[in-house]
Amino acid sequence: MVQRNTVSFSVTDIENFKKRMLSWANQFGVCCFLDNNGYGGKHHSYECLLAAGAAAFYSASKNILVSLQDFYQLHNDWLFGHFSYDLKNDIENLTSSHKDKVGFPDTFLFQPQTVIKINGNLVTFSCLQDEPSIVFKNIQATPIERTEPASAIYIQPRISKETYLQTIQKLQQHILRGDCYEINYCMEFFAEDTVINPLEIYQQLISISPNPFSCFYKLNDKSLLCASPERYLKKEGSTIISQPIKGTIRRNNADINADETNKKQLYESTKDRSENVMVVDLVRNDLSKICKENSVQVEELFGIYTFPQLHQMISTIKGELRNDIDLPGILKATFPMGSMTGAPKKRVMELIEQYEYTKRGIYSGAVGYISPEKDFDFNVVIRSIMYNQINQYLSYQVGSGITFYSNAEEEYKECLLKAKAIEKVLQ
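When you read off a place in the sequence shown, starting at 1, and then add 87, the result is the number in our numbering.
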């Protein structure tokens, strides 16, 4: 295991320090800030992790699972980064031909020069070369980025509402024919010739919609500003945990009783339960390929969780990994996550390519970390803004799970609901 210089400091004003820490990290070409925004829970590990500077990195678009294992074994250290949705092409015999103007690579992992962990008021620095006390002082001296309201940005839909509604009808015909049971269909909203300060926009997004799998992820000219509520996969020792989301309803923050009624309505919704149990079955099947016999269990079914904008239905599935399973094996069995595809997975990914108009790229992929002990935790990249500074191109995508019984008009409204916080920041 790589030796790091590790020192902890107590910080009184942790929120202020977080902002300075982010401003400091933003000077690096590569950084990744993961924040659970105060959400605890049974499977909570870290309140906040920051990785800054790349001592070594891995980036690939072909033969990923083979070469990834070499990099993974070579670096017995912290690794941060992402797997884009198009890692699917390396797992299955699939292609992606749509345009991707943001341009994150299919896979990118980096060994950070500096890792900073926050738990409560304790801040722990782990540095490869730098002296932790000097990094701490540099962060304390870093000015906080201003968070003035952004100028209005002209957002365009990639497809019209009419096209969306017609596409849902076509997908339901595929379901009727038996091609699939459920399909996650997404659409893009975008802005061209747009200049933003990504860190400033991220901080505004999180102030409106703080979620437990949020991240600010910078890869040179590309930025991901993510307010995700969903975990893709966590490994802790030999235990693997997945927490797919299927089921969404609007909050009513003005009326507590009405808000509780909405939660009850979501819990009792036949449609949402049907979608949720389908993805649970898919995840159980995925995990059974890599877990010990009879170890895969549904820890929680139809859990209702509350976030600033929405109530969500989340189920938790876990299992015990077989001794012969490595990271590429885990990815091959479980990626992309079922909540962003549908079932059966390969066929719906073919239909997604046929009917969507934009390459998903990092959207509906995963961002997270791998620890020196080879544990990991990755989110699902949803509720996110993607930005390419060189192209001056801004994008966000939203989607929902389509079944035969879906109402196309209601699905369209659900997509707009999921984008509400992003729209508020940008417009």
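Idealized CB from N, CA, C, for every residue including glycine.
Beta carbon of residue i nearer than 8 Å to that of residue j
i: alanine 141; j: valine 117; result: yes
i: alanine 139; j: phenylalanine 170; result: no
i: glycine 416; j: serine 382; result: no
i: valine 454; j: cysteine 267; result: no
i: threonine 229; j: glutamate 501; result: no
i: leucine 258; j: tyrosine 442; result: yes
i: leucine 215; j: serine 95; result: no
i: arginine 107; j: isoleucine 231; result: yes
i: tyrosine 444; j: isoleucine 288; result: no
i: tyrosine 480; j: phenylalanine 276; result: no
i: alanine 508; j: isoleucine 332; result: no
i: glycine 488; j: glutamate 355; result: no
i: proline 395; j: proline 299; result: no
i: phenylalanine 191; j: leucine 306; result: yes
i: proline 459; j: asparagine 163; result: yes
i: isoleucine 255; j: alanine 495; result: yes
i: lysine 351; j: alanine 420; result: no
Cut-off 8 Å between Cβ atoms - residues of its own chain near residue i, not counting five sequence neighbours on either side
i: leucine 174; result: Ile151, Asp193, Thr194, Leu418, Phe422, Pro423, Gly452
i: methionine 436; result: Lys175, Glu179, Leu181, Pro423, Thr428
i: asparagine 349; result: Ile336, Arg337, Arg338, Asn339, His398
i: lysine 358; result: Thr490, Tyr492, Ser493
i: arginine 371; result: Val383, Val385, Ile404
i: leucine 263; result: Phe491
Cβ neighbour criterion (16 or more within 10 Å) applied to residue i
i: proline 244; result: exposed
i: tyrosine 492; result: exposed
i: tyrosine 241; result: exposed
i: alanine 430; result: buried
i: aspartate 280; result: exposed
i: aspartate 187; result: buried
i: glutamine 198; result: buried
i: glutamate 362; result: buried
i: arginine 318; result: buried
i: histidine 131; result: exposed
i: aspartate 411; result: exposed
i: threonine 99; result: exposed
i: aspartate 373; result: buried
i: glutamine 253; result: exposed
i: aspartate 342; result: exposed
i: valine 367; result: buried
i: leucine 161; result: exposed
i: valine 222; result: buried
i: methionine 88; result: exposed
i: valine 468; result: buried
Those residues which DSSP pairs with residue i across a bridge
i: tyrosine 172; result: According to DSSP, which records beta bridges pairwise, tyrosine 172 is partnered with nothing at all.
i: serine 146; result: Phe195
i: isoleucine 412; result: For isoleucine 412, which the question treats as bridged, DSSP gives no partner whatsoever.
i: serine 97; result: Leu209
i: serine 238; result: In the DSSP output, where bridge partners are listed per residue, serine 238 has none listed.
i: serine 487; result: Tyr272
i: isoleucine 231; result: Bridge partners of isoleucine 231: none, in fact.
i: tyrosine 67; result: The question about residue 67 has no answer here: the residues shown for the chain are numbered 88 through 514.
i: cysteine 313; result: Cys302, Ser471
i: threonine 393; result: His398
i: cysteine 54; result: The chain is shown from 88 up to 514; residue 54 falls before or after that span and cannot be answered.
i: tyrosine 456; result: Phe167, Asp464
Other residues of its chain near residue i: CB distance less than 6 Å, five sequence neighbours each side excluded
i: valine 202; result: Ala138, Trp165, Ser213
i: isoleucine 457; result: Leu166, Phe463
i: lysine 322; result: Asp462, Phe463
i: glutamine 330; result: Arg318, Ile401, Thr403
i: isoleucine 205; result: Glu134, Cys135
i: asparagine 92; result: Cys214, Pro219
i: isoleucine 200; result: The amino acid at residue 200 is misidentified as isoleucine; the sequence shows glutamine. Once the five neighbours on either side are set aside, the close Cβ partners of glutamine 200 are Gly140, Ala142, Leu215.
i: aspartate 122; result: Cys135, Ser301
Integer Cβ distance of residue i from residue j, believed to fall under 8 Å
i: serine 315; j: asparagine 466; result: 5 Å
i: leucine 311; j: serine 471; result: 6 Å
i: tyrosine 251; j: tyrosine 499; result: 6 Å
i: arginine 409; j: lysine 379; result: 6 Å
i: leucine 353; j: methionine 400; result: 6 Å
i: aspartate 308; j: glutamine 476; result: 4 Å
i: glycine 425; j: tyrosine 272; result: Glycine 425 to tyrosine 272, Cβ: 14 Å. No contact.
i: histidine 261; j: leucine 438; result: 6 Å
i: glutamine 514; j: alanine 345; result: With a Cβ gap of about 26 Å, glutamine 514 and alanine 345 do not count as contacting.
Same chain, Cβ closer than 7 Å to residue i, five either side skipped, listed in chain order
i: serine 183; result: Asp173, Asn176, Glu440, Lys446
i: phenylalanine 120; result: Leu109, Ala112, Leu137, Cys302, Phe303
i: serine 220; result: Val94
i: lysine 585; result: Any question about residue 585 goes unanswered here, given that the chain covers just 88 to 514.
i: serine 97; result: Asn208, Leu209
Any non-hydrogen atom of the ligand ZN closer than 7 Å to residue i Cβ
i: proline 331; result: The ligand ZN is not part of this structure, which contains no ligands at all.
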